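K.L.:
Just dropping this structure here.
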Amino acid sequence: MNAIIGFPAERAATTHPAVVRAMAELVKEAGGVPLIGDSSGAFGFTGQSLEMCGIAKAARDAGAKLVNFESTGTYSVKVNGKILRTINVAKPVIDCDVLISMPKLKTHQLAPSEESLSHAVVDVYSTLKPALAVMDGIVGMEGEGATNGTPAESNVIISGADCVSVDAVASEVIGFFHKDIMITRFAHERGLGVGIQEISFRFC
Numbered sequence: 003m004n005a006i007i008g009f010p011a012e013r014a015a016t017t018h019p020a021v022v023r024a025m026a027e028l029v030k031e032a033g034g035v036p037l038i039g040d041s042s043g044a045f046g047f048t049g050q051s052l053e054m055c056g057i058a059k060a061a062r063d064a065g066a067k068l069v070n071f072e073s074t075g076t077y078s079v080k081v082n083g084k085i086l087r088t089i090n091v092a093k094p095v096i097d098c099d100v101l102i103s104m105p106k107l108k109t110h111q112l113a114p115s116e117e118s119l120s121h122a123v124v125d126v127y128s129t130l131k132p133a134l135a136v137m138d139g140i141v142g143m144e145g146e147g148a149t150n151g152t153p154a155e156s157n158v159i160i161s162g163a164d165c166v167s168v169d170a171v172a173s174e175v176i177g178f179f180h181k182d183i184m185i186t187r188f189a190h191e192r193g194l195g196v197g198i199q200e201i202s203f204r205f206c
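Under this note's numbering, think of the first position of the sequence shown as 3, with each following residue one higher.
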């Protein structure tokens, strides 16, 4: 998810609790036991952040277990990356049967220029791939993201089994050429994801 540091849902900086709750209910319908977890952008504030953005309530309403990754312990995972050599990953992320990523559709002011950060993100993804990505773009964020931008209605939820493809589609939806996004381009250069013309779409 994307709990950041405790913004209310209407700021459109965090994954909307309604989307989180709906996903938890779908997991239960499929016979799974949903665990909803995150670690915020500021250590020590994850519990507060999950409450403020409404995700904690969404978990309670859905009958799902809320997990604060600050308190679960971590595994040290080796990475054969361009920037990273090891990453510390919250134990539930490794131990779960199915990992679902629930990002927010929004801009990030570092995205156009931070080459090292982009490589590091791809390092993490190449090591730890979610089985499913569900991107909340009902109301996204434009401008000075990831926290200081302006809410913008996109009215989409973009999901897929390949996070790079989900990102590529999301970029095109909000008016960017996907290859201009450094993270997506670097991922493609490493053989992750596919070109936009190779992605199969299903509209619901």
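Ideal placement from N, C-alpha and C gives every residue a C-beta, glycine not left out. Note that this is a predicted model, so its numbers are computed, not measured.
Along the alpha helix (DSSP H) that carries Leu-112, what are the first and last residues, could you check?
P.N.:
The residue you call residue 112 lines up with position 110 of the sequence shown. It is not in any alpha helix (DSSP H) - Leu-112 carries neither H nor E in the DSSP assignment.
K.L.:
So the candidates are Ser-120, Gly-65 and Pro-132; which of them puts its Cα closest to the Cα of Asp-1?
P.N.:
Outside the displayed range of the chain (3 to 206) lies residue 1, so it cannot be described from this structure.
K.L.:
Looking at the secondary structure, which residues open and close the alpha helix (DSSP H) in which Thr-17 lies?
P.N.:
For the purposes of this step, residue 17 is identified with residue 15 of the sequence shown, where counting begins at 1. It is not in any alpha helix (DSSP H) - Thr-17 carries neither H nor E in the DSSP assignment.
K.L.:
For Pro-132 and Val-126, what's the separation of their Cα atoms in angstroms?
P.N.:
Against the sequence shown, residue 132 aligns to sequence position 130. Against the sequence shown, residue 126 aligns to sequence position 124. Rounded to whole angstroms, Pro-132 to Val-126 spans 11 Å at the Cα level.
K.L.:
Taking the alpha-carbon positions, what's the Leu-86 to Tyr-77 distance?
P.N.:
Start at 1 with the first residue of the sequence shown, and residue 86 comes out as number 84. Start at 1 with the first residue of the sequence shown, and residue 77 comes out as number 75. Their Cα atoms are separated by approximately 15 Å.
K.L.:
When you compare only the Cα positions, how much space is there between Leu-28 and Asp-40?
P.N.:
Within the sequence shown, residue 28 is the residue found at index 26, counting from 1. Within the sequence shown, residue 40 is the residue found at index 38, counting from 1. Near 19 Å, if we compare the C-alpha coordinates of Asp-40 and Leu-28.
K.L.:
Any chance the stretch 38-58 sits against the stretch 11-27, with 3 or more Cβ pairs inside 8 Å?
P.N.:
In short, these stretches touch, since the Cβ pair count reaches three.
K.L.:
Short check: CB of Val-91 to CB of Ala-189, under 7 Å?
P.N.:
Against the sequence shown, residue 91 aligns to sequence position 89. Against the sequence shown, residue 189 aligns to sequence position 187. For Val-91 and Ala-189, no; Cβs fall outside 7 Å.
K.L.:
What are the start and end residues of each continuous beta strand (DSSP E) run of 3 or more residues lying completely inside the stretch 128-182, in chain order?
P.N.:
Complete beta strand (DSSP E) runs here, min 3: 134-144 and 152-162.
K.L.:
Per DSSP, which one or two residues make a beta bridge with Val-69?
P.N.:
The residue labelled residue 69 in the question sits at position 67 within the sequence shown. Paired residues: Gly-39.
K.L.:
Mind checking who Lys-106 pairs with in its DSSP beta bridge?
P.N.:
Residue mapping note: residue 106 aligns to position 104 of the sequence shown, counting from 1. BP columns for Lys-106 point to Asp-138.
K.L.:
For Ala-26, which of Phe-45, Glu-12 and Ala-66 has the nearest alpha-carbon?
P.N.:
What you label residue 26 is simply residue 24 of the sequence shown in a count that begins at 1. Minimum Cα distance to Ala-26 is reached at Ala-66.
K.L.:
Which first and last residues belong to the alpha helix (DSSP H) in which Ile-185 is found?
P.N.:
Locating residue 185 in the sequence shown gives position 183, where the first residue counts as 1. That run of the alpha helix (DSSP H) goes 184-191.
K.L.:
Would a C-beta distance cut-off of 7 Å place Met-184 and Met-104 closer than the cut-off?
P.N.:
Along the sequence shown, one-based indexing puts residue 184 at 182. Along the sequence shown, one-based indexing puts residue 104 at 102. Not a contact, by the Cβ cut-off of 7 Å.
K.L.:
Output needed for Glu-146: all residues of its chain with C-beta closer than 7 Å, excluding positions within five of it in sequence on either side, in chain order.
P.N.:
Translated into the one-based positions of the sequence shown, residue 146 becomes position 144. The answer, listed in chain order, is Gln-111.
K.L.:
Give me the Cα-Cα distance between Met-143 and Lys-106, rounded to the nearest whole angstrom.
P.N.:
Counted from its first residue, the sequence shown places residue 143 at position 141. Counted from its first residue, the sequence shown places residue 106 at position 104. Going by the C-alpha atoms only, they are around 8 Å apart.
K.L.:
Short check: CB of Lys-59 to CB of Thr-74, under 7 Å?
P.N.:
Here residue 59 corresponds to residue number 57 of the sequence shown, with the count starting at 1. Here residue 74 corresponds to residue number 72 of the sequence shown, with the count starting at 1. Not a contact, by the Cβ cut-off of 7 Å.
K.L.:
In whole angstroms, give me the CA-to-CA distance for Gly-197 and Gly-8.
P.N.:
Mapped onto the sequence shown, residue 197 falls at position 195. Mapped onto the sequence shown, residue 8 falls at position 6. Their backbone Cα atoms lie some 35 Å apart in a straight line.
K.L.:
Would Val-69 and Leu-101 qualify as a contact pair, given that the criterion is a beta-carbon distance under 7 Å?
P.N.:
In the sequence shown, residue 69 corresponds to position 67, counting from 1. In the sequence shown, residue 101 corresponds to position 99, counting from 1. No, these two residues do not count as a Cβ contact at 7 Å.
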